[in-house]
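Right, one structure below, let's go through it.
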Ligand code: MTE
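Residue numbers (the working numbering): 1382 to 1705.
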């Protein structure tokens, strides 16, 4: 993903072999969740890794949500232990084992600004949004542009529901998403190589597609920090970099957003980024992918296997730029 590749994309980090750190147990988290500001004040004295865990943004009482049987998989799920320790979250560094660094992400309180071409801009607290939306679990594939893949039980709500809430005007053609910008909290945002904050975008038609999913949880629990708590996107027919994490701002616009990776290397990472085994990345093939938890190499499928649901979105749009 990065401009300079230091190791093969499929090199599993050493963190996978190390014992999991001692996190607070579920009861402690529930307790802390109820304590609000008091716990936040007290948490200032806790070690870095424990601080964020005391106040997760998601309400554990809402999880696990009912699974929607329409979204099934043809392969086994990636165990949480592997998925939660092999992540791309450049705000916390360029390696795959940033899950420890990501514990400094403070997600409570967390407000999301919804604006641009909408009837009325609003700022909504994540807790309110999570409580308002009909949460469901979906089993999704995730295909990274680096040619590895996972399978995840996400919890969340369809992006279409958020669009309904936002009430965009007829002039809106795209949705632009933006991650937080806070170099004091996210060590990776101190570097000069990248242009922060992380930005992504979709067309209004893509946003209306049933597969476009706003994620608030995984593995039957509120999202862990390293997955992009408290709110991220999942667009399973596109390369993983489109699935922006830790969203703070959602704007409706008539201009095609320039995404984080596109701004850095538009010849390698485009706006559409639809998965296609026949269109190679300029530096590697996309024909196959390494399934992270089995180590198998399997053929990559057009639109990551979701062609039936999404191919129609691109009727009349031609060219390889749809696939990078
Ligand atoms: N969102 C933000 N804000 N920052 C990132 O670095 N990485 C992207 C995407 N969303 C990224 C992000 C990439 S390249 C991938 S493959 C997925 O998140 C990784 O999601 P995962 O860590 O849950 O597997």
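In this text, a Cβ means the ideal position worked out from N, Cα and C, and glycines have one as well.
Just so you know, these numbers come straight off a predicted model, no measurement behind them.
My assumption, with CB atoms under 8 Å, is that residue i sits in contact with residue j. Please give the rounded CB distance.
i            : j            : result
residue 1457 : residue 1532 : 7 Å
residue 1700 : residue 1569 : With a Cβ gap of about 33 Å, residue 1700 and residue 1569 do not count as contacting.
residue 1480 : residue 1671 : With a Cβ gap of about 20 Å, residue 1480 and residue 1671 do not count as contacting.
residue 1541 : residue 1499 : That pair is no contact at about 15 Å.
residue 1627 : residue 1538 : In fact, because the Cβ distance is near 17 Å, the residues do not count as touching under 8 Å.
residue 1437 : residue 1488 : 7 Å
residue 1590 : residue 1691 : 6 Å
By DSSP's criteria, residue i is part of a beta bridge. Which residues make up the other side?
i            : result
residue 1503 : 1495
residue 1651 : In DSSP, residue 1651 forms no bridge with anything.
residue 1623 : None, per the DSSP bridge assignment.
residue 1705 : Paired residue(s): none; residue 1705 is not in a bridge.
residue 1710 : Outside the shown range of the chain, which is 1382 to 1705, sits residue 1710, and nothing can be said about it.
residue 1549 : 1499
residue 1531 : 1523
residue 1615 : 1594
residue 1448 : 1518
Could you tell me the distance, in whole angstroms, from the CA atom of residue i to the CA atom of residue j?
i            : j            : result
residue 1485 : residue 1494 : 22 Å
residue 1648 : residue 1574 : 17 Å
residue 1463 : residue 1478 : 11 Å
residue 1508 : residue 1491 : 8 Å
residue 1673 : residue 1551 : 42 Å
residue 1585 : residue 1506 : 24 Å
residue 1447 : residue 1518 : 6 Å
residue 1696 : residue 1623 : 20 Å
residue 1665 : residue 1704 : 14 Å
residue 1452 : residue 1521 : 7 Å
residue 1652 : residue 1470 : 19 Å
residue 1646 : residue 1603 : 33 Å
residue 1625 : residue 1663 : 23 Å
residue 1554 : residue 1497 : 11 Å
residue 1612 : residue 1679 : 30 Å
residue 1468 : residue 1607 : 7 Å
residue 1635 : residue 1512 : 30 Å
residue 1515 : residue 1658 : 34 Å
residue 1619 : residue 1683 : 10 Å
Taking DSSP as the reference, what is the three-state secondary structure of residue i?
i            : result
residue 1536 : strand
residue 1558 : strand
residue 1698 : coil
residue 1470 : coil
residue 1479 : coil
residue 1375 : For residue 1375 there is no data in the structure shown, the boundaries of the chain being 1382 and 1705.
residue 1610 : coil
residue 1680 : strand
residue 1370 : Lying before the first or after the last residue shown, residue 1370 is absent from the chain, which here runs from 1382 to 1705.
residue 1637 : coil
residue 1630 : strand
Exercise for the section: Jot down the residue ranges of each uninterrupted alpha helix (DSSP H) in the stretch 1562-1606, minimum 4 residues, whole runs only, in chain order. Expected result: 1585-1589
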